[in-house]
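One structure below.
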Amino acid sequence: MFAALVGWYTGCERNRRRFPRVKRDFDVEYSVDGNRWVFAQGVDLSGGGMCMVSISPILPDVFDARLEIEGYKVPVRLRKIWGTTTQYNGKQAPYYGLQFEKINAHDWDAIIRSITGRNVAPVTQLESIALAETEAKTLLPLQFRERMLSELRIRSRIDPQKPLPVVYEYGGVLTENSQQMHRFTVRSSINSYAGLKRFTTQVLVRDDDSEVVVLS
Numbered sequence: 001m002f003a004a005l006v007g008w009y010t011g012c013e014r015n016r017r018r019f020p021r022v023k024r025d026f027d028v029e030y031s032v033d034g035n036r037w038v039f040a041q042g043v044d045l046s047g048g049g050m051c052m053v054s055i056s057p058i059l060p061d062v063f064d065a066r067l068e069i070e071g072y073k074v075p076v077r078l079r080k081i082w083g084t085t086t087q088y089n090g091k092q093a094p095y096y097g098l099q100f101e102k103i104n105a106h107d108w109d110a111i112i113r114s115i116t117g118r119n120v121a122p123v124t125q126l127e128s129i130a131l132a133e134t135e136a137k138t139l140l141p142l143q144f145r146e147r148m149l150s151e152l153r154i155r156s157r158i159d160p161q162k163p164l165p166v167v168y169e170y171g172g173v174l175t176e177n178s179q180q181m182h183r184f185t186v187r188s189s190i191n192s193y194a195g196l197k198r199f200t201t202q203v204l205v206r207d208d209d210s211e212v213v214v215l216s
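So in the working numbering, the last spot in the sequence shown is 216, and the numbers never skip.
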């Protein structure tokens, strides 16, 4: 449910260079049309993206791929950050730096575990990042946003008659009882006779949105 959000988060400049990176060959299949899949060679992998050598130039800026990680095919959507050529198997070949545009939480966990030998990167290493209003509407499912507004109304942390804008901050993925949970901070406010009252609500959400845990 939050695959696009994880891709956005891992690609943010403040977090991208905090991820561990390893130079490693791994098989890649990519498709620019969703029908024909072409082999490529991954040569560098991190929690935020990868580098890849392809047989022929890749024209779209965004495309789907499947990464072979320890015998498991990881589906991702990739965005080209830069492109050049490199010497590969005795000839010049297209060489790309790619950012994860879309990746499921458990697949991202598999990549981090493959690189580091442990579960997802400690959340203390990563920064929570506020989503702009347009980003929240694009990256956060309507079902989730409506559920969060309901939780805020129950706790009297939003005015049901004249609601002020709510700000969502995303803090990445952590593992609780073998389940991938998304970490959110939701900032809301209410106009009162005493002035503006501000609230901070910490939330953990399962990847399929089947469970929401309000921490504070």
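Quick reminder that beta carbons are idealized off the backbone N, C-alpha and C, glycines included.
query	result
Sequence ranges, beta strand (DSSP E) only - wholly within the region 65 to 107, length at least 3	72 to 88, 91 to 102
Euclidean distance between Cα positions of residue 49 and residue 139	19 angstroms
Rounded separation between residue 77 and residue 101 - CA only	5 angstroms
Enclosing alpha helix (DSSP H) for residue 143 [first to last residue]	142 to 154
Neighbourhood of residue 220 by C-beta, 6 angstroms cutoff - its chain only, sequence neighbours within 5 removed	Residue 220 lies beyond the range of the chain shown here (1 to 216); nothing can be said about it.
7 angstroms Cβ shell around residue 2 - same chain, five flanking residues per side excluded	105, 182, 207
Coarse secondary structure for residue 7, derived from DSSP in three states	helix
Closest Cα partner of residue 92 within the set 194, 53, 81, 128	53
DSSP state of residue 130 mapped onto helix, strand, coil	strand
Cβ contact (3+ pairs, closer than 8 angstroms) linking the region 61 to 73 and the region 19 to 29	yes
Residue 201 to residue 7 span [Cα, whole Å]	23 angstroms
Terminal residues of the beta strand (DSSP E) in which residue 2 lies	That residue, residue 2, is in no beta strand (DSSP E); it is neither H nor E in DSSP.
Supposed close pair residue 51, residue 129 - CB separation, criterion 8 angstroms	The pair is not a contact, with the Cβ atoms about 24 angstroms apart (cut-off 8 angstroms).
Rounded C-alpha distance that separates residue 21 from residue 191	47 angstroms
DSSP state of residue 135 mapped onto helix, strand, coil	helix
Three-way DSSP call (helix, strand, coil) for residue 159 in this model	coil
For residue 44, the nearest candidate out of 193, 99, 215, 35 (CA to CA)	99
Three-state class that DSSP yields for residue 24 in the structure shown	strand
Residue 144 versus residue 36: straight-line alpha-carbon distance, rounded	34 angstroms
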